[in-house]
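Protein chains in written order, with full-length UniProt numbering: chain Z, 1 to 217; chain C, 1 to 217.
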């Protein structure tokens, strides 16, 4: 009987130990990958799909997207070089570039600092080995934007799955991430095209891009 | 050189054959499982989280949810027995039941009939074996509700991942599905509790529940 008691206590200690050790930790996405996004806003002002290449080693992001903004369709192609502090808006159709200053530091794709752990869920199922994805949900406040957010990252690999943020200006903004591939097939996407060479730095209001999430706020 | 040509042609035929054969097909969810949902509406009228047990063999669904509706919090616990054509709204706190007629047939959890294939995406990544979930997206119209929808099911296992629908009445309704487990741990959840025995059939406006999706429209 006593043995049973100690086995039970031992099991409880083990369980506690596991739950402490295995509590999900904020994580950072792989430093080099490509992925796709779909963005939508509650007010239906913005809807977009895009593809991006992400390089945290050299602090570079290349984003190409198309969608509608205020019922008008648009395409957008931007290369952000945070180490140089510049971004290029690239217009391939007429081979022109707009060069702007990035007024902030590179922030890696990660669970935001200060985020609180919300819960862990399985998309699909954990009942069989194939069709399940273990995801951690995190939430936090954005006092500067009078808003808050929820972000989801995979437990294994720390890849973004979705973000949902609410700010006073925009209402809800939903971003879904998918088709992530580790590595960047064509590193040339981070090199400004030749026709950007002579682009002059323009005054801008967009320079406050700080991270990937901010692009959609 | 000729050999190379035929190898190339053979490879192309194989590739075509594969792509024809592997085009995702509409599918039906496993007949017996439990899962969780989060529901939100664009107009912020409804927000809810819930847990449900689903039995397509015997055409039964048990849904328990809690949330806010028009800024008032609520809990809801309903057992739908489609073969009998009745549903019970169960109030455990005071051991009462409301019994209503289900005026429609059971519709299984599936890619809706007539849905069009939209695309296939990977949540997480396919770059390593663990953290990826292959998902098929489908869309269609709901002419009776002047709306349309997009639904996502896993390629393997045909489990629901999300639905997004837009109707004239509700605007956008977003449902996320997660923590699906094959089988139902406690089949008692499909048996009306004893205190429902004497519930009389009440006139209702809710009887038009036809499937799981309809619960949230």
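The beta-carbon is built from N, C-alpha and C at its ideal position, and this holds for glycine as well.
Count the other CB atoms within 10 Å of the CB of residue 73/C; is the residue buried (16 or more) or exposed (fewer)? exposed
So residue 192/Z packs on residue 32/Z, CB below 8 Å; how close in whole Å? Contact flag wrong, Cβ pair sits at about 19 Å.
Please state whether the Cβ-Cβ distance between residue 88/C and residue 99/C is less than 8 Å. yes
By the 10 Å Cβ neighbour count, where 16 or more other Cβ atoms means buried, how is residue 57/C classified, buried or exposed? With fewer than 16 Cβ atoms within 10 Å of its Cβ, residue 57/C is classed as exposed.
Grab me the residues of residue 152/C's own chain with a C-beta within less than 6 Å of its C-beta, minus the 5 sequence neighbours each way, in chain order. 135, 137, 161 and 162
Pick helix, strand or coil for residue 198/Z, following the three-state DSSP scheme. coil
Just checking, does the segment 39-49 of chain C make contact with the segment 117-125 of chain C on the three C-beta pairs under 8 Å criterion? no
Jot down the residue ranges of each uninterrupted beta strand (DSSP E) in the segment 70-105 of chain C, minimum 3 residues, whole runs only, in chain order. Scanning the segment 70-105 of chain C from its first residue to its last, the whole beta strand (DSSP E) runs of 3-plus residues come out as 72-81, 86-91 and 96-101.
Verify whether the separation of the beta carbon atoms of residue 147/C and residue 113/C is less than 8 Å. Contact: no.
Would you list the residues sitting across from residue 66/C in a DSSP beta bridge? Bridge partners of residue 66/C: 49/C and 75/C.
Would residue 19/Z pass as an interface residue toward chain C - the criterion being a Cβ-Cβ separation below 8 Å? With a pLDDT of 46 at residue 19/Z, under the threshold of 50, the modelled position of this residue cannot be trusted, and the question is left open.
Given this structure, state the Cα-to-Cα distance separating residue 129/C from residue 70/Z, to the nearest angstrom. 41 Å
Residue-chain proximity (residue 28/C, chain Z), Cβ-Cβ < 8 Å: no
Less than 8 Å between CB atoms is the rule here; does residue 179/C satisfy it with respect to chain Z? yes
Hey, out of 166/Z, 127/Z, 172/Z and 157/Z, whose CA is closest to residue 157/C's CA? 127/Z
Name the two residues that bound the continuous beta strand (DSSP E) containing residue 120/Z. 116-124
Pick out whichever of 102/Z, 103/Z, 85/Z and 76/Z has its Cα sitting closest to the Cα of residue 92/Z. 76/Z
Under 8 Å between C-beta atoms, does residue 133/Z make it to chain C? yes
Taking Cβ-Cβ distances below 7 Å as the criterion, which residues of the segment 152-178 of chain Z are in contact with chain C? 154, 156, 157, 159, 161 and 178
Contact list for residue 42/C against chain Z, beta-carbon separation under 7 Å: 42
Exposed unless 16 or more other CB atoms sit within 10 angstroms - verdict on residue 68/C: exposed
Does chain C have any CB closer than 8 Å to the CB of residue 67/Z? no
Secondary structure of residue 55/Z, DSSP reduced to three states: If DSSP states are grouped into helix, strand and coil, residue 55/Z belongs with the strands.
Paired residues, beta bridge with residue 164/Z - DSSP: 150/Z and 174/Z
For the beta strand (DSSP E) that contains residue 137/Z, what are its first and last residues? Element bounds for residue 137/Z: 132-142.
Looking only at C-alpha atoms, which of 111/Z, 180/Z and 104/Z sits nearest to residue 141/Z? 111/Z
Find out if the Cβ-Cβ distance for the pair residue 182/Z, residue 30/Z is shorter than 8 Å. The beta carbons of residue 182/Z and residue 30/Z sit closer together than 8 Å.
What's the C-alpha gap between residue 201/C and residue 49/Z? 49 Å
Do you know offhand how far residue 52/Z's Cα is from residue 66/Z's? 12 Å
List, in order along the chain, the chain C residues whose C-beta lies closer than 7 Å to that of residue 125/Z? 157, 159, 180, 181 and 182
So the candidates are 22/Z, 109/Z and 194/Z; which of them puts its Cα closest to the Cα of residue 59/Z? Answer by Cα proximity: 109/Z.
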